[in-house]
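Colleague:
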Amino acid sequence: MVKKSILNVLDIWFGLIPLVMALGTVALVIAEYTPMFTWLSYPFIPLLRLLQIPEAILDLALQKGVLFYFCGNNCEVIRMIPPLTVTKEVIDTGLRALDEAITEYEQQKGYI
22 MVKKSILNVL DIWFGLIPLV MALGTVALVI AEYTPMFTWL SYPFIPLLRL
72 LQIPEAILDL ALQKGVLFYF CGNNCEVIRM IPPLTVTKEV IDTGLRALDE
122 AITEYEQQKG YI
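Note that our numbering has the sequence shown beginning at 22, numbered continuously upward.
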């Protein structure tokens, strides 16, 4: 009975793994070489602006001492402007502050 169960599990796994890998590869190709995910994000832009989610996160990062701002045609890029002579530690500190701001925002809203 156990042997048959193990064989059934292996049969399912070996049947699903190629499918999952194929779908992942197709998604990677679509994400890398087509603007499809940009198009899919357009309906969410007005909703995010209405809820002011991105601005709230950037405000929290500013309170932590790091200035980020949005750029791109649809504000889809968060940009940090470090000085020209920036070190890796400064960039790591800035990214850590952004991560903390996102986590703090999620905690305030009760997402985590």
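Virtual Cβ for every residue (Gly too), placed ideally from N, Cα, C.
1) Just list the residues that DSSP pairs Ile-99 with in beta bridges.
2) How close, in whole Å, do the beta carbons of Glu-97 and Ser-62 come, if the pair is a contact with beta carbons under 8 Å?
3) Could you tell me which whole beta strand (DSSP E) segments of length 3 or greater appear in the region 28-97?
4) To the nearest angstrom, how far is the alpha carbon of Pro-104 from that of Val-30?
5) Given this structure, state the Cα-to-Cα distance separating Pro-56 from Lys-85, to the nearest angstrom.
6) Suppose you measure from the CA of Leu-37 to the CA of Leu-44; what does that come to, to the nearest Å?
Modeller: From the atom records:
1) Your numbering for residue 99 matches position 78 in the sequence shown. DSSP output for Ile-99 lists Phe-91 as bridge partner(s).
2) In the sequence shown, the residue the question calls residue 97 occupies position 76. In the sequence shown, the residue the question calls residue 62 occupies position 41. Contact flag correct, Cβ pair sits at about 7 Å.
3) 89-92
4) Locating residue 104 in the sequence shown gives position 83, where the first residue counts as 1. Locating residue 30 in the sequence shown gives position 9, where the first residue counts as 1. Pro-104 and Val-30: Cα-Cα distance of roughly 55 Å.
5) On the sequence shown, residue 56 is found 35 positions in, with the first residue counted as 1. On the sequence shown, residue 85 is found 64 positions in, with the first residue counted as 1. Computed Cα separation, rounded: 34 Å.
6) By 1-based counting over the sequence shown, the position of residue 37 is 16. By 1-based counting over the sequence shown, the position of residue 44 is 23. Cα to Cα, Leu-37 sits roughly 11 Å from Leu-44.
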